[in-house]
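Report on the following structure.
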Ligand code: PFF
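In the numbering used here, the protein residues as written are 141 to 597.
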């Protein structure tokens with residue numbers, strides 16, 4: 141079966157699709173949690189440094205490999221080197237990306253459930269001023285139950301399935317072009333509203349006054365891991381998307397724009413969540429449940445005079461969280477789907493079906509590890525946490541080291557510069573700088589981060 145390879149239709153579509161991959165639960169759910177756990181503003185500063193020194197160069201590297209090779213992520217590196225050490229880098233990413241998908245859909249399922257809980261008024265009815273225990277027990281009972289999270293996860297997986305089978309242009313690109321601007325508008329509205337919450341001042345100072353005494357080596361590693369997760373780096377997504385780019389796309393400018401959009405959304409999510417957290421008297425270090433426990437009550441608190449408005453905002457917020465999760469999950473879905481489709485020469489629809497079945501099975505295991513199988517633990521972590529830790533703290537930096545070394549040392553400099561400058565139609569300065577960062581800075585920092593995680597240094 142030989143067919144014309146798919147491509148994105150417009151530059152705006154490309155930015156929206158790649159930003160759609162980047163902007164997701166990582167920004168709205170994970171970033172505030174990590175910031176809360178690691179001392180607020182000091183963590184954000186390290187995070188922004190990680191984005192600039194590692195994130196943007198690695199995104200450019202992945203875009204370069206994907207567009208140059210014009211094939212799926214697992215095979216792309218082969219087109220640039222036949223040495224087994226380098227030709228298989230793509231597999232690490234594609235494998236890691238597929239694993240992330242399996243627990244990502246579980247959290248996306250929770251978000252979907254919360255959207256319905258806002259619609260049917262359950263969240264609003266649980267509101268007691270200054271007391272979040274109702275939300276706490278609702279969340280705890282829900283995630284540890286057996287069937288309900290599974291049903292919502294399956295519903296979310298099916299949504300991804302249909303988006304993927306609609307194709308690159310009619311599915312991924314079209315959805316991203318609608319969802320991303322909508323997400324942005326709603327975020328702006330929510331930020332403005334949350335700045336009027338009673339705890340806004342405290343929330344803002346938590347976010348913007350750095351306390352370096354709280355910063356440890358571990359928090360630096362976590363900032364790098366969070367930057368990688370948030371930008372969807374090194375997991376095959378961006379490389380696969382870039383294989384659908386045209387030759388006239390300015391790769392560096394796109395990477396910079398996507399990183400700026402992603403970081404802005406993360407900080408805006410902090411601006412929504414922390415004022416709410418402080419006004420509801422919740423510990424900012426309360427962990428992953430922050431967005432599910434603090435927010436519903438905070439919406440009610442802020443608009444207690446107009447309950448209709450509170451529930452409308454809550455519905456919109458969770459709906460948009462679903463959309464953000466959807467555009468990220470479909471980018472993860474696309475990695476194994478494109479691989480199976482192009483390697484086994486089976487129709488895209490069947491490749492997607494296979495991905496769906498595997499994702500449902502592994503997603504079920506992750507979901508059950510929050511309750512029924514919670515006792516199955518390794519290194520003190522359940523399966524869900526273990527997978528998250530393994531993918532984001534080990535696989536991503538490791539894959540990043542290899543990608544940086546590959547583009548910085550193995551690929552000829554002229555091949556990189558020619559491609560990234562669109563055969564010298566663009567100025568060479570930024571491409572040279574990125575190449576230098578990939579050659580000298582990224583491998584050293586990432587290797588140090590990786591060894592730090594393993595406790596070697
Ligand atoms: N970047 C996405 C987020 O912030 O939610 C998650 C993600 C997508 C991680 C794709 C990794 C990936 F390859």
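By construction, the Cβ of each residue, glycine as well, lies at the ideal position given by its N, Cα and C atoms. All values derive from a computational prediction rather than experimental measurement.
Short CB-CB distance (under 9 Å) between residue i and chain C
i           : result
residue 543 : No chain C appears in this structure, which consists of one protein chain only.
Contact under 9 Å by Cβ, residue i with residue j
i           : j           : result
residue 168 : residue 455 : no
residue 530 : residue 355 : no
residue 313 : residue 478 : no
residue 574 : residue 202 : no
residue 532 : residue 369 : yes
residue 361 : residue 198 : no
residue 401 : residue 162 : yes
residue 216 : residue 383 : yes
residue 288 : residue 253 : yes
residue 437 : residue 266 : yes
residue 367 : residue 178 : no
residue 582 : residue 194 : yes
residue 593 : residue 537 : yes
residue 439 : residue 181 : no
residue 512 : residue 286 : yes
residue 467 : residue 160 : yes
residue 487 : residue 304 : no
residue 185 : residue 350 : yes
Residues near residue i by beta carbon distance below 7 Å, same chain, minus five either side
i           : result
residue 397 : 155
residue 496 : 297, 301
residue 506 : 242, 243, 246, 523, 524, 527
residue 412 : 330, 331, 334
residue 500 : 294, 297
residue 408 : 327, 331
residue 405 : 163, 167, 327
residue 196 : 395, 396, 399
Coil, strand or helix - residue i by DSSP
i           : result
residue 561 : coil
residue 271 : strand
residue 167 : helix
residue 518 : strand
residue 177 : helix
residue 260 : coil
residue 387 : coil
residue 228 : coil
residue 154 : helix
residue 350 : coil
residue 397 : helix
residue 286 : coil
residue 486 : coil
residue 545 : helix
residue 566 : coil
residue 454 : helix
residue 575 : helix
residue 358 : helix
residue 375 : coil
residue 338 : coil
Sequence-distant residues of its chain with Cβ nearer than 8 Å to residue i (five each side left out)
i           : result
residue 465 : 164, 165, 244, 247, 248, 251, 296
residue 226 : 217, 220, 542, 546, 550
residue 556 : 204, 547, 571, 575
residue 516 : 509, 522, 523
residue 482 : 211, 212, 215
residue 229 : 217, 539, 542, 543, 546
Contacts around residue i, its chain only, beta-carbon distance under 6 Å, and the 5 residues preceding and following it disregarded
i           : result
residue 432 : 279
residue 141 : Its pLDDT being 45, under 50, residue 141 is placed unreliably in this model, and the value from its coordinates should be taken loosely. Within the same chain, residue 141 has close Cβ partners 485.
residue 365 : 532, 533
residue 308 : 146, 384
residue 376 : 213, 233, 234, 237, 475
residue 379 : 202, 205, 206, 213, 216
residue 210 : 383
- [ ] Would you list the residues whose beta-carbon is nearer than 6 Å to any heavy atom of the ligand PFF, in the order they occur in the chain?
- [x] 161, 162, 164, 165, 166, 167, 237, 240, 369, 370, 372, 375, 377, 468, 471, 472
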